[in-house]
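Peer 1: Going by this note's numbering, the sequence shown opens with residue 4, and the numbers climb by one from there. Every residue, glycine too, gets a C-beta built ideally from N, C-alpha and C.
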Amino acid sequence: MQKPNETVAAHATLPVKAGLPDEPHIDLSVSPADEIKTTTCYMCACRCGIKVYLKNGKVRYIEGNRDHPVNKGVLCGKGSAGIMHHYAPSRLSNPLRRVGERGSGEFEEISWEEALGLATEWLGEVRQRDPKKLAFFTGRDQSQSLTGWWAMQYGTPNFAAHGGFCSVNMAAGGLYTFGGSFWEFGEPDWEHTKYFLLFGVAEDHGSNPIKIALGKLKGRGAKVVSINPVRTGYNAIADEWLGIKPGTDGLLVGALIHEMLRTENVDLDYLVRYTNAPFLVIHDPGAADDGLFARDGEGKPLVWDKKSNTLAAASRVDVAPALVGEFTLADGRKARPVFRLIAERYLGNDYWPDTVAKETGVPADTIRRIAAEIADVAFKQTVTLPIKWTDWAGREHDSITGRPVSMHAMRGISAHSNGFHTCRLIHILQILLGTIDVPGGFRYKAPFPRPAPPPNKPVGKPSQIAPGKPMPGMHLGFVQGPEDLLMEADGTPTRIDKAYSWDAPIAAHGLMHMVITNAALEDPYPVDVLFLYMANMSWNSSMNIGATLGYLTAKNDDGSYKIPKIIYSDAYASEMVAYADLILPDTTYLERYDCISLLDRPISEADGPADAIRHPVVKPDRNVRGFQDVLIDLGSRLKLPGFTKEDGTPRYPGGYPDYIVNHERSPGLGPLAGWRGEDGKSFGVGKPNPKQLDEYIANGAFHIHHLEPGQRWMKHANKGYLEFAKASGFIGSTDPIIFQLYSEPLQKFRLAARGHGAIQPPASHKQRIERFFDPLPFWYPPFEGTMIDDRAFPMHAITQRPMHMYHSWGSQNAWLRQITAANRLFMSRTRAAALGIADDDWVWIASHIGRVKAQVRLMEGVNDDTVWTWNAIGKRGGAWALDKDAPEAKQGFLLNHLIAELLPPREGGYRYSNSDPVTGQAAWYDLRVSVSKAPPAEVHESWPQFETLASPPGVVAPGALAFGREFKGGRG
Ligand code: SF4
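(1) Measure the alpha-carbon distance for A216 versus A205 and round it to whole angstroms.
(2) Buried or exposed for H430, going by 16 or more other Cβ atoms inside 10 Å?
(3) In three-state terms, what does DSSP make of H14?
(4) May I ask whether a heavy atom of ligand 1 can be found less than 7 Å away from the beta carbon of N68?
(5) Assign P470 to one of two classes, buried (16 or more other C-beta atoms within 10 Å of its C-beta) or exposed (fewer than that).
(6) Any heavy atom of ligand 1 closer than 7 Å to the CB of K40?
(7) Looking at the structure shown, is G302 part of a helix, part of a strand, or coil, going by DSSP?
(8) Got a sec: does ligand 1 put a non-hydrogen atom nearer than 7 Å to the Cβ of M46?
(9) Please name the residue in I39, C79 and V33 whose C-alpha comes closest to that of M808.
(10) Quick test of your reading: L885 and F481, contact by CB under 8 Å. State the CB separation rounded to the nearest angstrom.
(11) Compute the Euclidean distance between the alpha carbons of P191 and S409, then round it to the nearest angstrom.
(12) Which residues bound the beta strand (DSSP E) around H286?
(13) Are the region 714 to 729 and the region 260 to 270 in contact at 8 Å, needing three or more beta carbon pairs?
(14) Straight-line CA distance for K648 to R654?
(15) In the DSSP assignment, find the unbroken beta strand (DSSP E) run with M773 in it and report its ends.
(16) Among H851, W946, N917 and L905, which residue has its Cα nearest to the Cα of A892?
(17) Ignoring anything shorter than 4 residues or poking outside the region 821 to 878, list the alpha helix (DSSP H) runs there in chain order.
(18) Whose C-alpha, out of D682, N559 and P461, is nearest the C-alpha of R161?
(19) Among residues of its own chain, excluding the 5 on either side of D70, which ones have a beta-carbon nearer than 6 Å to its beta-carbon?
(20) CB-CB under 8 Å to T123, same chain, minus the five flanking residues each way: which ones, in chain order?
(21) Please tell me whether, using a cut-off of 7 Å, the distance from the CB of K54 to the nearest non-hydrogen atom of ligand 1 is below it.
(22) Kindly examine ligand 1 and report whether one of its heavy atoms sits closer than 7 Å to the Cβ of G82.
(23) Within the continuous alpha helix (DSSP H) that includes E262, where are the two ends?
(24) Using C-beta distances below 7 Å, list every residue in its chain close to G440, excluding the 5 sequence neighbours before and after it, in chain order.
(25) Per DSSP, what kind of secondary structure is T159 in: helix, strand or coil?
(26) If you check the beta carbons only, do L754 and L344 fall under 8 Å apart?
(27) Given R234, which residues of its chain have a CB within under 6 Å of its CB, disregarding the five upstream and five downstream residues?
(28) Which residues bound the beta strand (DSSP E) around S572?
(29) Just the Cα atoms here: how many angstroms apart are M537 and L587?
(30) With H, G and I counted as helix, E and B as strand and the rest as coil, what does DSSP make of M790?
(31) Ignore the nearest five residues each way along the sequence and tell me which others in V320's own chain have a CB closer than 8 Å to its CB.
(32) Within 10 angstroms of its Cβ, does L31 collect 16 or more other Cβ (buried), or is it exposed?
(33) Which term fits A841, buried or exposed, when burial requires 16 or more other beta carbons within 10 angstroms of its beta carbon?
(34) Is K61 close to chain B? Criterion is C-beta to C-beta, closer than 8 Å.
(35) So does C79 have its beta carbon nearer than 7 Å to some heavy atom of ligand 1?
(36) Using a Cβ-based criterion (distance less than 7 Å to any ligand heavy atom), does S210 qualify as near ligand 1?
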């Protein structure tokens, strides 16, 4: 096998099969490359290992790295088309300064010294005056532990990445429930699961890994059930498809829970050992602690011990806790176990399958059958592995038994205004079945599990923000109650996106989708500098694009811009470039270092923590710099403490690789966990190792630490794992992680809404907080449908990513464009016939804020009330170095034009963002539309069409691309 980064002197001559007389002769003996380098793909979020074949210093071919834990050699179409991403004509080539009006696309090329000088001047002045007037937000950034730390050192509370419009509901819903989640946080036990439920659009967050896994399931005969309004992609190979109505998944899961409880298919022993099901909840309506856990004098939650008929600390292992009933506390008040409250909630009529069937569109008999199938697999087809392990209390076990039902969900569930509670419902179903971190169930990936919720709180209170000073901690954390919110004394949010305010109290990823609107409307305050990285906020990453463009160009009476300065870093001439004042051109992913860190979003496997790097496999041929290098340079120019030594010189003069190796977040804990220590022999914690990057490169650009077999399961309660995790810096204590079926932090918000505690919501927010901060998850209809005339907009409209593309990058790629260059509006044949619409017709799609025109494609396999399209294919004419009349611009379209970023005004006129009320997750998938046939005489072109963007200096739109010509003729 070829070793990573090996020079290919000459391939062994392969026997050449004699062709038939007319076949062209292919000489297989010729070496395809001078050199092969291993690195990490960035063509989507999966971070597969790749081998890049180089010939004469150019990228010739990319293949999957068979040794890599993520993809095991599999490479998807996007990954191999990375060549055309790297050589895209749209690559920016020089720093740029705006010289025309914002939006005109008129720039002049400037030197890096000028660009960095200008950025330092703008950023430095704001830092000394009022650091929160910098809003720094990043898009598909895979270096958030650096970008967040930079913002913390700068001292602005206004930092987040794109999670607020991606899948924060999934992350927060899981972290508040069981200290994990799907995707980077955990995954099904693909080796042993026998019944797999796939909820909603999930391809965005799981390409190769899920494809490989589904192959295993299908090969083994496991049942795959897809719950999705659209039957494409992974859903197309499901054994059973439930074409549910968008936004009703929580109701369906509630009905499955109903059936599990009704048929008594619940793992009670598991609930007693690992969850707060037996915790006693104070029942004292009107009291300041109503609904909180009853606790002993040391603050430990209490249970009722059936053996002694007394109250006892829940942490004791010698008790037999009651799960039902009502008990009297020492002060004479009543308390009830969480499990009783669960039974009362989900056995009620709201979650009866016959009630649920009408709203979800899934027949009651089907719900009952699916529930029975799940119960049968979970309780009659258990999987036992002969693995010795020791639990947190020191009890030794000879084996581990699992209930082999697993689930997966991501954006399709998350991107609704009821997503947080729906995600909690899915996890509660898993927990009631006893399927967390057991064979065949869900498995955590280190550094998860963490306590539910994790102990780090958000930072950005008024007292934590001061001119010229860093903030005392990282921005994004997990509130435990109203006292952790980030607000001024009068309730004004300290963050520009209103994260961690009454608008979105558990905004664990921020609300990037609200930054431009709020900044332009000066609500809650104006900003001076908007600094964006890799986020196409003037196009496919914003809702209500027309309004967003208006906000980006809005002026004050004196002619100055409402958002005075915009700095943007991107590698490509995206639609956002024209709306920035200063452009810092980034490299491609094959030209720079990156660190896929355990401090951030790693690539861990269930059997062990893993992290990875990218490193330059080719040198930039343009005047560009990796954004992370630029950020570190700016940090030292601004004299930010973390980026400057005591003598004022740069702390990381070698840029990002220097930082990756030498930065320590706490003593011994740095961006990379592998090969630490001066001798390179430590994992997790250890002194910086100057040869660390060499070790990663020699190992294929990744490191994986394989857990001992006895550490691999039940990680939330496994002594061996908890001790390992603490020693590795993942968690702060070896206490078991208790699953929070009932969420006490949510109840604390509810109590505040009821007039208790020092920090209470104003009257205008009270009803909303009371309703949505229910400590037990529940289903409610997505907001948009309840706030508009749903008879006028009877259809649901959703998007998904084509499996051959990823965000707007994919649809500029010369090879991938050949697969799809213009998206259609997909709808059911039945509904189209009823509306008089035929295949290929042009239609108007209208929402309550506007309309777009698109061409339809009729299909089977879509919920009758739902239309959908591929996201991010529609482009603005002239952007991305595409022809102004490219199909992406003239036939492609975006639904974003129809999605409001603000909900219609409530009583009193206040407009909440179009988001989940708990987390602030953008509710993209709540969109309601009507569809009508466009008059045949109308021009067959998508609408709206905006003025064509000029390519920035240095970017030339080619007539045609012909990659690889240079490799022809010369035999490679
Ligand atoms: S799945 Fe994503 S990361 Fe993996 S090869 Fe494909 S594009 Fe690259």
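Peer 2: By the coordinates alone:
(1) 13 Å
(2) buried
(3) Residue confidence is low: H14 scores 36 on pLDDT, short of 50, so the model does not pin down where it sits. No coordinate-derived value is stated.
(4) no
(5) exposed
(6) no
(7) coil
(8) yes
(9) C79
(10) The Cβ separation is near 42 Å, so there is no contact.
(11) 5 Å
(12) L283 to H286
(13) no
(14) 5 Å
(15) Reading the sequence as shown, one finds Glu at residue 773 and not Met. Segment A766 to F775 is the alpha helix (DSSP H) holding E773; no beta strand (DSSP E) there.
(16) W946
(17) 832 to 837
(18) Per the sequence shown, residue 161 should be read as Asn rather than Arg. Measuring from the Cα of N161, the nearest candidate turns out to be P461.
(19) G703
(20) L637, R640 and L641
(21) no
(22) yes
(23) D252 to R265
(24) For the sequence presented, residue 440 should be read as Asp rather than Gly. Closer than 7 Å at the Cβ level, and outside the excluded window around D440, lie R446, Y447, W716, M717, K718 and H719.
(25) coil
(26) no
(27) W244 and G864
(28) K568 to D573
(29) 11 Å
(30) helix
(31) A396 and R398
(32) exposed
(33) exposed
(34) Absent here is chain B; the protein component of the structure consists of one chain.
(35) yes
(36) yes
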